[in-house]
Amino acid sequence: MKEVKHCPKCSSASYVKSGIIKDRQRYRCKECNYYFTVQKLGKRISDYYVVKALQLYIEGVSYREIERILGISHVSVMNWVKTYKIKRPQLQHNHKPSFEVLEHEQLLERMKSPEYLEQKGLLISEVEGKFFVLNWNQNQ
Ligand SMILES: [Zn+2]
Numbered sequence: 119m120k121e122v123k124h125c126p127k128c129s130s131a132s133y134v135k136s137g138i139i140k141d142r143q144r145y146r147c148k149e150c151n152y153y154f155t156v157q158k159l160g161k162r163i164s165d166y167y168v169v170k171a172l173q174l175y176i177e178g179v180s181y182r183e184i185e186r187i188l189g190i191s192h193v194s195v196m197n198w199v200k201t202y203k204i205k206r207p208q209l210q211h212n213h214k215p216s217f218e219v220l221e222h223e224q225l226l227e228r229m230k231s232p233e234y235l236e237q238k239g240l241l242i243s244e245v246e247g248k249f250f251v252l253n254w255n256q257n258q
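Each residue of the sequence shown is one higher than the one before, counting from 119 in the working numbering.
Spelled out as structure tokens, the structure:
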């Protein structure tokens, strides 16, 4: 979220929050009483999500699943795949990985078991402070 620096009308840095209008934070300037909202960032999504989405794509996660996990439209992800010419490597096995999103504590709990980390095809990636675990060996 872009931060406001000053009132767009009088440039005062003195303003207070004044409700939310259409999902946007509204502010009121304490100097001139002008109401303004934070500029929308438009459709640009931070590089962080682009990289995460493409990582997941490469790991075999479907567009719909990426949308569910990251909350990014599958159309955006498809566009990035095209834009950056991402090719998914041919996986040697046909089954898709299972995945789960864990809290840090949950992940630590799993890791107490040495067998957990000995699994082949286990990939752990951090997403927004949560841990995304891909596992190709679920059914073996
Ligand atoms: Zn002002």
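Built from N, CA and C at the ideal position, the CB exists for glycine as well.
Proximity to residue i [Cα-Cα], best of the options
| i | options | result |
| --- | --- | --- |
| Val-245 | Asp-165, Asp-141 and Ala-131 | Asp-165 |
| Val-195 | Ala-171, Ser-132, Leu-226 and Glu-183 | Ala-171 |
| Pro-215 | Lys-230, Ile-204 and Glu-183 | Glu-183 |
| Ile-204 | Glu-233, Gln-173 and Trp-254 | Gln-173 |
| Thr-90 | Val-169, Phe-249 and Ser-243 | Since the displayed the chain opens at 119 and closes at 258, residue 90 lies outside it and no answer follows. |
| Ser-130 | Lys-230, Lys-148 and Tyr-167 | Lys-148 |
| Leu-240 | Glu-233, Asn-253, Pro-232 and Val-199 | Asn-253 |
| Ile-242 | Leu-220, Ile-138 and Val-199 | Leu-220 |
| Tyr-167 | Thr-155, Pro-232 and Gly-189 | Gly-189 |
For residue j and residue i, the rounded distance between their alpha carbons
| i | j | result |
| --- | --- | --- |
| Val-251 | His-222 | 11 Å |
| Cys-150 | Lys-140 | 23 Å |
| Glu-218 | Pro-126 | 44 Å |
| Arg-146 | Val-134 | 5 Å |
| Leu-225 | Lys-123 | 39 Å |
| Leu-235 | Met-229 | 7 Å |
| Lys-248 | Ile-187 | 11 Å |
| Ile-138 | Glu-233 | 49 Å |
Close Cβ partners of residue i (< 8 Å) along its chain, the five nearest in sequence each way excluded
| i | result |
| --- | --- |
| Arg-206 | Tyr-175, Ile-176 and Gly-178 |
| Glu-185 | Ser-191, His-192 and Val-195 |
| Val-199 | Leu-172 and Tyr-175 |
| Glu-261 | Examination of residue 261 is not possible in this model, given that the chain is present from 119 through 258 alone. |
Residue i Cβ short of 7 Å to ligand 1 heavy atom set
| i | result |
| --- | --- |
| Tyr-152 | yes |
| Lys-127 | yes |
| Glu-227 | no |
| Ser-130 | yes |
| Glu-149 | yes |
Same chain, Cβ closer than 7 Å to residue i, five either side skipped, listed in chain order
| i | result |
| --- | --- |
| Ser-136 | Arg-144, Tyr-145, Arg-146 and Tyr-153 |
| Tyr-181 | His-192, Val-195 and Met-196 |
Proximal residues to residue i (C-beta, below 6 Å), its chain only, five neighbours per side dropped
| i | result |
| --- | --- |
| Cys-128 | Glu-149 and Cys-150 |
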